[in-house]
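Structure, as structure tokens:
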Amino acid sequence: MTVLDYRADVGRAEETVHEGTSSADAFRVDLGDLFEGPFDLLLSLIAKHKLDVTEVALSKVTDEFIAHIKAAGPEWDLGQATEFLVVAATLLDLKAARLLPSGEVEDEEDLALLEARDLLFARLLQYRAYKQVAAVFAGRMAAEVGRFPRAVSMEPQFAGLLPEVLLGLGPQEFAALAARALTPRPVPTVGMDHLHAPTVSVREQAAVLVTSLRRSRTTTFRQLTADCEGVLVVARFLALLELYREGAVVFEQADPLGELHIRWTGSDEGDVEVEDEFDEPPPPVAGTSGDVPENDTAQESSDSDRTG
Amino acid sequence: MTEQADHADHPEHQPEVQLAHLGHLGDDDGPALRTALEAILMVVDEPVGEMLLAQVTERPTDEVLEALRSLAAEYDEAGRGFQLRQVAGGWRFYTRATCAAYVERFVLDGQQARLTQAALETLAVVAYRQPVSRARVSAVRGVNVDGVMRTLVNRGLVEEAGREAGTGEGGSILYQTTSHFLERLGLRGIDELPDLAPFLPELDTVDDLAN
Amino acid sequence: MTEQADHADHPEHQPEVQLAHLGHLGDDDGPALRTALEAILMVVDEPVGEMLLAQVTERPTDEVLEALRSLAAEYDEAGRGFQLRQVAGGWRFYTRATCAAYVERFVLDGQQARLTQAALETLAVVAYRQPVSRARVSAVRGVNVDGVMRTLVNRGLVEEAGREAGTGEGGSILYQTTSHFLERLGLRGIDELPDLAPFLPELDTVDDLAN
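Residue numbers (the working numbering), protein chains in the order written: chain A, 1 to 308; chain B, 1 to 211; chain C, 1 to 211.
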């Protein structure tokens, strides 16, 4: 397992990669301002290998990315883990594409995968631009930090001239306003309910799929996920891709984004072992699916915690 | 024009104090324009636009702008402990950066806390995409930005700017940068943000991404 | 700017102004005493004594006094819009008396008669939590209130009320409402402020808000 120090910005990742340092250190959740998300990680991985954005390069990055998720274990902020999963799914798509016989790019599925790759890199490039411009912001702020604006109270002779302030409300309205101002605001959230979902195991979902597929022989992705939603759908999708890699299923899809048909080609008995690349090791204590850590407190505290 | 517009904005405001000795700027008995500007800028606690200064001094905006620039240049050349700077749509006195160490302990508001990398990146996306929803910023950054956005709002760098059009009460909240953000970056306005294009690689250099 | 370009490469290494690196005033790498004094005086709200200035600049009081007097004389001779005056307790920048008419006009023209929603809410928090520090008010409001608090003080609605107990000189300044505030609201005393309870949401509503 390669351990990275994400302090590095993309361009200098090569110089600052620390191989073999304590992994407990490098994979902390509170990487905070040093490292935050999948795009950041992807760029770091790409830069570390000084790779061209080619399919071959990508496969290396894919493996490392997936290993990273795996290594992160239950420590991940669930919100981030979910985002990781989405990017991971895209990457696994691309990895799956590599497994296809070469020279058959006419296949629409292949084209769709190539499009997915282009889209992913377009987004990476966009993110990289913002990351770089953020560095410009930091530089400007650093240059400004030594300048203090004059902000003093007005000389009494002028303050006395200020027009009478119109409060425009009486004691009762004022009290109502105070009550509103003193009531704790609801923490703004965007549909984070799914983050409270219990941890989903790709391996478990694969077992569910195997049972179902052995029974029905052919089915559609829609049917396979009719009884679940959210992360579970993603997990079953990932499980399907793993089964595909094991040669246990084949896919048929008439149109891009059309109905995905699945046919069982595996054995009728015995365990079908899928790699649990996406599964977290069992949590040390029950209840990792509880409270979502406060993102910003972690970031704030990491300000002072930082060394070097 | 300006005066009218301004009063229209504050219909409730009726100045009643008699300004006895305004005279004319530059008259023998009145101060020069530059002097009057220096005095006014001494009492402001936020950047003041040259339009308002022109209105108060009853001089053309061009002339006021010229005077402000010459004052700023003069302070710089003389190496004064203060600077006159044009930021966030207006003019304001600042201490000179070389004196920071001496000034710090007198500044009530304290040192500006440093922003995290995550906050900086989120701020950059908001600055270039504003007004923008959290979901859009999340999509660009590839991670959830709820916590970071809250931090930026708390720091006064970002503020809410209504809701996504046509979505009504339930629509996503949109965010934009504040004038405090401009001041922190020393920018006159959003249009002074560096162009993003040079940071996006040319199509044929995409392959060199990592180099 | 080289400095800026450098920082851009190391966003994570923002230079913090090091007090240890003050050097000596007048050295090649530091500002002159007069420059440092100008900078300090530009940001102080209360007059500062020459003793404190001497301490901060690490120069003899005589020398500091000399520099302050020469600055004051220089501003007078050049007919600047500001003056450096020695008043009770020390030195402070003031506007020059000959410019008073323009400053007055600016104060009348440039200021709003109506409080912003942000100012009203801050005022409400101070009224019901007084005496209270800015940090506490910020925490309740979820935004930085430095500027708004200054407005409220300038408008005579809020005033300083000592420092947080046991924290000494460095403690946070506490704020309370003024008698002018009570007048504006038609109250005889703080105890006449309406009880908040009827306006607060029921407990179970609070739970809803928290979820």
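Note that beta-carbon positions come from the ideal geometry of N, C-alpha and C, so glycine has one too.
* To do: Within its chain, find whatever has a CB closer than 7 angstroms to the CB of C/Thr122; leave out the 5 residues flanking it on each side and keep chain order.
  => One-based indexing of the third sequence puts residue 122 of chain C at position 122. Cβ neighbours of C/Thr122 beyond the five flanking positions: Val137, Arg141, Val145, Val148, Met149 and Leu152.
* Step through the CB atoms of chain B and report whether any lies within less than 8 angstroms of the CB of C/Tyr175. => Numbered from its first residue, the third sequence carries residue 175 of chain C at position 175. No, because no Cβ of chain B sits closer than 8 angstroms to the Cβ of C/Tyr175.
* Within the stretch 36 to 122 of chain C, note down every full alpha helix (DSSP H) run reaching 4 residues or more, in order along the chain. => 50 to 57, 61 to 78 and 100 to 110
* C-beta neighbour in chain A for C/Gly186, strict 8 angstroms -> What you label residue 186 of chain C is simply residue 186 of the third sequence in a count that begins at 1. Answer yes: the Cβ-Cβ gap between C/Gly186 and chain A drops below 8 angstroms somewhere.
* To do: Apply the 10 Å Cβ neighbour rule to A/Val132 and answer buried if 16 or more other Cβ atoms are within range, or exposed otherwise.
  => Position 132 of the first sequence, counted from the first residue, corresponds to residue 132 of chain A. First, the amino acid is wrong: residue 132 of chain A is Gln here, not Val. Buried is the call here.
* To do: Using three-state DSSP, classify A/Glu269 as helix, strand or coil.
  => For the purposes of this step, residue 269 of chain A is taken as residue 269 along the first sequence, with counting starting at 1. It is coil, neither helix nor strand.
* To do: Could you tell me whether the stretch 45 to 64 of chain C touches the stretch 81 to 98 of chain C, using the rule of 3 or more Cβ pairs below 8 angstroms?
  => yes
* Thinking C-alpha only, which one of B/Ala113, B/Tyr102, B/Thr95 and B/Val158 is nearest B/Ala124? -> As a working mapping, residue 124 of chain B is identified with position 124 in the second sequence. Closest option to B/Ala124, Cα to Cα, is B/Val158.
* Near-chain C residues of the stretch 155 to 166 of chain A - C-beta to any C-beta below 9 angstroms -> Glu155, Gln157, Phe158, Ala159, Gly160, Leu161, Leu162, Pro163, Glu164, Val165 and Leu166
* DSSP beta-bridge partners for B/Thr177? -> Locating residue 177 of chain B in the second sequence gives position 177, counting from the first residue. Answer is B/Val158.
* Specify, as a first and last residue, the run of the beta strand (DSSP E) that A/Glu252 falls within. => Taking the first sequence and counting its residues from 1, the one referred to as residue 252 of chain A is at position 252. Its beta strand (DSSP E) spans residues Val249 to Gln253.
* To do: Can you give me the start and stop residues for the alpha helix (DSSP H) that A/Leu209 sits inside?
  => On the first sequence, residue 209 of chain A is found 209 positions in, with the first residue counted as 1. Taken as a continuous stretch (DSSP letters only), the alpha helix (DSSP H) holding A/Leu209 covers Val202 to Ser216.
* To do: With 8 angstroms as the threshold, decide whether the Cβ of B/Val125 is near any Cβ in chain A.
  => Counting from one through the second sequence, the residue named residue 125 of chain B turns up at place 125. Yes, its Cβ sits closer than 8 angstroms to a Cβ of chain A.
* To do: Rounded to whole angstroms, what's the CA-CA distance from B/Pro195 to B/Ser172? Just pull it up for me.
  => Against the second sequence, residue 195 of chain B aligns to sequence position 195. Against the second sequence, residue 172 of chain B aligns to sequence position 172. With the sequence shown as reference, residue 195 of chain B is identified as Asp, and Pro is not the correct amino acid for it. Going from the Cα of B/Asp195 to the Cα of B/Ser172 covers about 27 angstroms.
* Residue span of the alpha helix (DSSP H) that contains A/Leu182, given as start and end -> As a first step, residue 182 of chain A must be located in the first sequence, where it is residue number 182. Per DSSP, A/Leu182 belongs to the alpha helix (DSSP H) from Pro171 to Leu182.
* Asked: In terms of residues, what are the limits of the beta strand (DSSP E) holding A/Leu260?
  -> Numbered from its first residue, the first sequence carries residue 260 of chain A at position 260. Element bounds for A/Leu260: Leu260 to Trp264.
* Burial state of C/Met51 (16 or more Cβ within 10 Å) -> As a working mapping, residue 51 of chain C is identified with position 51 in the third sequence. C/Met51 is exposed by the Cβ-count criterion.
* Which residues, in order along the stretch 73 to 98 of chain B, keep a beta-carbon less than 7 angstroms from a beta-carbon of chain C? -> Gly79, Arg80, Gly81, Phe82, Phe93, Thr95, Arg96 and Thr98
* Asked: What number of angstroms, rounded off, separates the C-alpha of A/Leu209 from the C-alpha of A/Arg236?
  -> Indexing the first sequence from 1 puts residue 209 of chain A at position 209. Indexing the first sequence from 1 puts residue 236 of chain A at position 236. Going by the C-alpha atoms only, they are around 8 angstroms apart.
* **Of the residues B/Gln55, B/Met42 and B/Arg59, the one placed nearest B/Ala32, counting alpha carbons only** => Here residue 32 of chain B is taken as the residue at index 32 of the second sequence, counted from 1. Cα-wise, what sits closest to B/Ala32 is B/Arg59.
* **Other residues of its chain near A/Glu229: CB distance less than 8 angstroms, five sequence neighbours each side excluded** => As a position in the first sequence, residue 229 of chain A is number 229, starting the count at 1. There are no such residues.
* Measuring CB to CB, does A/Pro171 end up less than 8 angstroms from C/Leu108? -> Within the first sequence, residue 171 of chain A is the residue found at index 171, counting from 1. Within the third sequence, residue 108 of chain C is the residue found at index 108, counting from 1. No. Outside cutoff.
* Asked: How would you list, in chain order, the residues of chain C whose beta-carbon sits under 8 angstroms from the beta-carbon of B/Gly156?
  -> In the second sequence, residue 156 of chain B corresponds to position 156, counting from 1. Per Cβ cutoff of 8 angstroms: Val143 and Asn144.
* To do: Specify, as a first and last residue, the run of the alpha helix (DSSP H) that C/Val137 falls within.
  => The sequence position of residue 137 of chain C within the third sequence is 137, counting from 1. That run of the alpha helix (DSSP H) goes Arg134 to Arg141.
* Asked: So, does the CB of A/Ala239 fall closer than 8 angstroms to a CB anywhere in chain C?
  -> By one-based count along the first sequence, residue 239 of chain A stands at place 239. Answer no: the Cβ-Cβ gap between A/Ala239 and chain C never drops below 8 angstroms.
* Asked: What are the start and end residues of the alpha helix (DSSP H) that includes A/Gln157?
  -> If you number the first sequence from 1, residue 157 of chain A lands on position 157. Taken as a continuous stretch (DSSP letters only), the alpha helix (DSSP H) holding A/Gln157 covers Pro156 to Ala159.
* Reducing DSSP to helix, strand and coil, say where A/Pro149 ends up. => On the first sequence, position 149 is the one that residue 149 of chain A refers to. Note: A/Pro149 maps to strand in three-state DSSP.
* Around the C-beta of B/Ser133, are 16 or more other C-beta atoms found within 10 angstroms, so that it is buried, or is it exposed? -> Taking the first residue of the second sequence as position 1, residue 133 of chain B is located at position 133. That one is buried.
* For the alpha helix (DSSP H) holding A/Phe221, just list the boundary residues, first then last. => Residue 221 of chain A sits at position 221 when you count from the first residue of the first sequence. Phe221 to Leu224 is the span of the alpha helix (DSSP H), which, as asked, contains A/Phe221.
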